[in-house]
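Okay, structure first, notes after.
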Amino acid sequence: MARRTPIVVDCDPGHDDAVAILLALGSPEVELLGVTTTFGNCAVADATRNAQRVLALAGRSDVPVAVGAAGPIAGDADLGNYVHGTSGLDGPPLPEPQRPPIDEAAVEFLTRTLTSSPEAVTLVAIGPMTNIGLLLRDHPEVRNKVAEIIFMGGSTERGNHTPTAEFNTHADPEALDIVLRSGLPVRMVGLNLTHQALATPGVVERMSAMGHVVGRTCAEWMGFFGGSYNRIWEFEAPPVHDPCTIAAIIDPSVIEWREAFVVTELDGTWTRGTTVVDLFRRYPDQAANVSVAMTLDVERYWDLVLNSLDRLGAAS
Ligand code: RIB
Ligand code: CA
Numbered sequence: 007m008a009r010r011t012p013i014v015v016d017c018d019p020g021h022d023d024a025v026a027i028l029l030a031l032g033s034p035e036v037e038l039l040g041v042t043t044t045f046g047n048c049a050v051a052d053a054t055r056n057a058q059r060v061l062a063l064a065g066r067s068d069v070p071v072a073v074g075a076a077g078p079i080a081g082d083a084d085l086g087n088y089v090h091g092t093s094g095l096d097g098p099p100l101p102e103p104q105r106p107p108i109d110e111a112a113v114e115f116l117t118r119t120l121t122s123s124p125e126a127v128t129l130v131a132i133g134p135m136t137n138i139g140l141l142l143r144d145h146p147e148v149r150n151k152v153a154e155i156i157f158m159g160g161s162t163e164r165g166n167h168t169p170t171a172e173f174n175t176h177a178d179p180e181a182l183d184i185v186l187r188s189g190l191p192v193r194m195v196g197l198n199l200t201h202q203a204l205a206t207p208g209v210v211e212r213m214s215a216m217g218h219v220v221g222r223t224c225a226e227w228m229g230f231f232g233g234s235y236n237r238i239w240e241f242e243a244p245p246v247h248d249p250c251t252i253a254a255i256i257d258p259s260v261i262e263w264r265e266a267f268v269v270t271e272l273d274g275t276w277t278r279g280t281t282v283v284d285l286f287r288r289y290p291d292q293a294a295n296v297s298v299a300m301t302l303d304v305e306r307y308w309d310l311v312l313n314s315l316d317r318l319g320a321a322s
């Protein structure tokens, strides 16, 4: 079998984060070295508890969880409980955490893991990017052990948390700015892509039909998440954002990519956190710094995700 890609998932579970973690655990192509948590969809304490509960659901409480940022590098934490519910992962009952988070904070865990890894590690950022920004700012010595940063955030089109800004990049634009200026390989999976990854009734039915608790739980998460997306943004089916980053590691060809200059607005009264994606080279003196996800092969995406969820559920 091909070499497994070592990854750390930095997340704010969050219904779609939860599916992303399960996708990683059910995919032999990736090795989940650990989970770091951040504020975002809910307070970091809730995100941490939710990450632990998702790992317990999968029978993988051996995966270390390190607690991260409670707020952004600048400004206050603007939480997403209005989408994900009071707990941050409302819906079906979940197992209780089987072990506490590790003693190291997220940035310490990331620093040690990168330093000790025999090969470069892929950082998967699917929440506000505060932990990743602080890592690059305060520990430049580990940059050469970062294989790439792939993040769910931003958009080539409109936003969601504000009309122009996507939730994760709006939550901590300074952190994203550090990543975009880092010179490291960066892939951006924005709303323009993830809005193609809809959990339609057919997808949810395939989850339910798996006949195990992983499939049933994902189907019920889609029920809660879909209700929020219909109530707030009038979607008929919820866009399952975060697993798109994991799928992009498992099989990059499931997405069409485009190189572009990307920068984030830090100062706009109405536009702070907006990603400005120069797809048509309107700033010719700005070199492309990001691979931007543009088109999803929807059928192959869902086959990949559902096969991995079924593999995990059947084994756990
Ligand atoms: O805008 C969608 C993103 O914000 C997803 O990562 C979701 O989990 C929330 O964190
Ligand atoms: Ca998330």
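With the numbering used here applied, the sequence shown closes on residue 322, and no number is skipped along the way. Don't be surprised by glycine CBs; every beta carbon is placed ideally from N, CA and C. All values derive from a computational prediction rather than experimental measurement.
- By the CB criterion at 8 angstroms, residue 153 and residue 126 fall inside the cutoff.
- Only exposed fits residue 92, as fewer than 16 other CB atoms lie within 10 angstroms of its CB.
- Judged by beta-carbon spacing, residue 269 lies within the 8 angstroms limit of residue 282, meaning their Cβ atoms are closer than that value.
- Short note on residue 132: C-beta closer than 7 angstroms to some heavy atom of ligand 1.
- Residue 202 is a Cβ neighbour of residue 304, given a cutoff of 8 angstroms.
- Residue pairing of residue 158 in beta bridges, as defined by DSSP: 195.
- The beta carbons of residue 89 and residue 150 sit no closer together than 8 angstroms.
- The DSSP assignment places complete beta strand (DSSP E) segments of no fewer than 3 residues inside the stretch 206 to 274 at 261 to 270, in order along the chain.
- Pairing residue 58 with residue 241, the inter-Cα distance amounts to about 29 angstroms.
- In the three-state reduction of the DSSP assignment, residue 97 falls in the coil class.
- DSSP places residue 16 within a strand segment (E or B) once states are collapsed to three.
- Counting the other Cβ atoms within 10 Å of the Cβ of residue 44 gives 16 or more, which makes it buried.
- Ligand 2 has no heavy atom closer than 7 angstroms to the beta-carbon of residue 16.
- Each of 78, 188, 196, 224 was checked against the Cα of residue 163, and the nearest Cα belongs to 196.
- Assignment of beta strand (DSSP E) within the stretch 55 to 94, counting only whole runs of 3 or more residues, yields 71 to 73 in chain order.
- If you check the CB distance, residue 73 and residue 50 come in under 8 angstroms.
- Taking a contact to require three or more Cβ pairs closer than 8 angstroms, the stretch 15 to 33 and the stretch 229 to 248 qualify as touching.
- Ranked by Cα distance from residue 208, the first of 309, 102, 33 is 309.
- According to the DSSP secondary-structure assignment, residue 129 is paired through a beta bridge with 14, 155.
- Measuring C-alpha to C-alpha distances from residue 122 to each of 56, 229, 140, 12 identifies 12 as the nearest.
- The beta-carbon separation of residue 232 and residue 243, rounded to 6 angstroms, stays under the 8 angstroms limit for a contact.
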